[in-house]
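Take a look at the structure set out below.
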Amino acid sequence: MPGIPISKHLVLLPIGWMLDGFEVVCNDSTKGKLEIRVNGEPVPQASLVCAGAVFTDDRVQIGEGVFIESGAMIKGPSIIGDYTEIRQGAYVRGDCLIGKNCVIGHTTEVKHSVFLDGSKAGHFAYIGDSILGRDVNLGAGTKFANLRFASGNVSIRIEGSSIDTGRRKLGAILGDNAQTGCNCVTNPGTLVGLDSIISPNTTVMPGLYAPDSVIR
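Take any residue in the sequence shown, note its place counting from 1, add 340, and you have its number in my numbering.
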C-alpha cells in the first residue's frame, strides 16, 4: 500500500514481483554483484526491495539489479536505473532520474534532480534541483543549496554578465568526473566543469567554473 513500509523483502523480475521462493546471495549492486537465486539458479535481472522501504505511489520505475534498502523512501515520478543502490534512510522526493550504477546513500535527500550513470552521493548529502554528470562523486555532507535568501529567480554570472535562469530553485550542475570533498556547500546556480575538484569544507559561490578547476 502506498506510504506504508513494505512488510517483507520483495524481488522484481521482468515478469513481475516475487513475494517468496527466492534467496539473496550478495547485495553489492553497484559492482554488479547483487545476486538473487530462484530455485537455486541466479537471476541477473532481479532487483531487491527490502522490508521497511516505502513507496508513496506507483510512479516509480525500477531497473534491473537495483537494491533498495530498508528505510529508504521514494516518491514518484522517479526512475531508478540498473544496478543502482538506494541505501537506508535515503529520501528520493520525486521528479528524479537516477541512472545506472548510482548510489544514493544513508540520509541523503534527492529532489527534482538527475544523476547520470555512475554518480554517487554516499552519505549525508542534499541534492536539490541539480544535475550530476557521469561518475560524479560527492563527499559526505555535501549540500547543494537551491533557493536564494532574496526573492526572485536564480541568476548565474558568466563572463561578467548575469543570466536569469528563469527558475526560482536551481542547485548545482556538475560535469562528468567532478568530485566534492566532505562538507562542501554550493550556492544556488553553481556550474562546475568536468574533471573538477571541490576541496573539503568549501563554500562555492555561484557562477561558472571551467573544466579541471580546483575550487578551494
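Ideal placement from N, C-alpha and C gives every residue a C-beta, glycine not left out.
These numbers come from a predicted model, not from an experiment.
(message) So for Gly458, helix, strand or coil by DSSP?
(response) coil
(request) Decide yes or no for the touch test of the region 518 to 525 against the region 498 to 507: beta carbon pairs closer than 8 Å, at least 3 of them. (result) no
(request) For the beta strand (DSSP E) holding Asp504, just list the boundary residues, first then last. (result) Ser501 to Asp504
(request) Tell me, to the nearest whole angstrom, how far the beta carbon of Leu472 is from that of Leu456; I am working on the premise that it is less than 8 Å. (result) 6 Å
(request) Find the nearest neighbour of Lys483 within the set Val450, Pro342, Gly492 and Arg497, judged by alpha-carbon distance. (result) Val450
(request) Could you tell me if Ser470 is buried or exposed, where buried requires 16 or more neighbouring beta carbons within 10 angstroms of its beta carbon? (result) buried
(request) Out of Tyr431, Pro540, Val389 and Ser491, point me to the one whose CA is closest to Gly468's CA. (result) Tyr431
(request) Decide if Arg556 is buried, meaning its Cβ has at least 16 other Cβ atoms within 10 Å, or exposed. (result) exposed
(request) Kindly list the residues whose CB is nearer than 8 Å to the CB of Asn527, restricted to its own chain and excluding five residues on each side of it in sequence; keep chain order. (result) Ala485, Thr543, Val544, Met545 and Pro546
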